[in-house]
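Some notes on the structure that comes next.
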Amino acid sequence: MNLPEVTINKNIMIKLLLKNRIPIYLLLMSLFFGGCSVFKPLKNQGQPEVIDYFFTDEQGNKIDAYSISPKEQKYICMMIITKNLIGTEVTLDIEQDEAIESGFICKGKYVNKSIRFKIRKNKEKIKLFIYDPENKRHVRLKEKSEKLEN
């Protein structure tokens, strides 16, 4: 099974390209989080790096594509395995085809452009529920997100 395409540049940007042509960019925005000492990286730990990343289906199997139909698949998980990045703020930018009316529900919020979070473990799991236009909660979260954008 092929994993998504990966491109890494000096800004630690990783391009994840899924087979259904929905590219996702994982941008590690800052290497140090200055606020809480619990999340602050320790000195002399070595170079921060993303060791591996992959997507899994509901059963935990690695996938390289997913169905945008919530009837076939309710969610996907993105697994990010890192070294020396605990406490780093991460933005997951999602670019989608204009023709596809889709998005994800992540941590109780509708997202179709970006997801922000802090890496709290070396093996981070982000659950992304596939947007279901027939689910009233999903529709309500999408409407709330659109109001905040305007």
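Read in order, the letters of the sequence shown are residues 17 to 166 in this note's numbering.
In this text, a Cβ means the ideal position worked out from N, Cα and C, and glycines have one as well.
Distances from the CA of Val127 to each of Pro64, Val155, Phe70 and Lys137 were compared; the closest alpha carbon is that of Val155.
About 7 Å separates the beta carbons of Glu105 and Arg132, which is inside the 8 Å limit, making them a contact pair. Under a 10 Å Cβ-count criterion, Leu164 is classified as exposed, with fewer than 16 other Cβ atoms of the shown protein chains found around its own Cβ. Per DSSP, Glu162 is one residue of the alpha helix (DSSP H) stretching across Lys152 to Glu165.
When rounded, the separation of the alpha-carbon atoms in Arg153 and Ile146 is 12 Å. Looking at the DSSP output, Glu140 bridges to Ile96.
The residues Ile131 and Leu144, in chain order, have a CB closer than 6 Å to that of Cys122 in the same chain once the five nearest residues on each side in sequence are set aside.
Residue pairing by DSSP places Glu65 opposite Lys99 in a beta bridge.
The alpha-carbon separation between Lys99 and Ile142 amounts to approximately 17 Å.
When C-alpha distances from Ile97 are compared across Asn151, Asn138 and Glu162, the shortest belongs to Asn138. The alpha-carbon separation between Asp148 and Ser118 amounts to approximately 8 Å. When C-alpha distances from Thr107 are compared across Gln89, Lys129 and Glu88, the shortest belongs to Lys129. The alpha carbon of Cys93 has as its nearest neighbour, out of Lys125, Asp80, Asp109 and Thr72, the alpha carbon of Thr72.
Under the three-state reduction of DSSP output, Lys78 falls in the strand class. Asn151 is the residue among Ile102, Asn151 and Asp109 whose C-alpha sits nearest the C-alpha of Lys90. Cβ-Cβ separation between Lys78 and Gly103: approximately 27 Å, too far for a contact (criterion under 8 Å).
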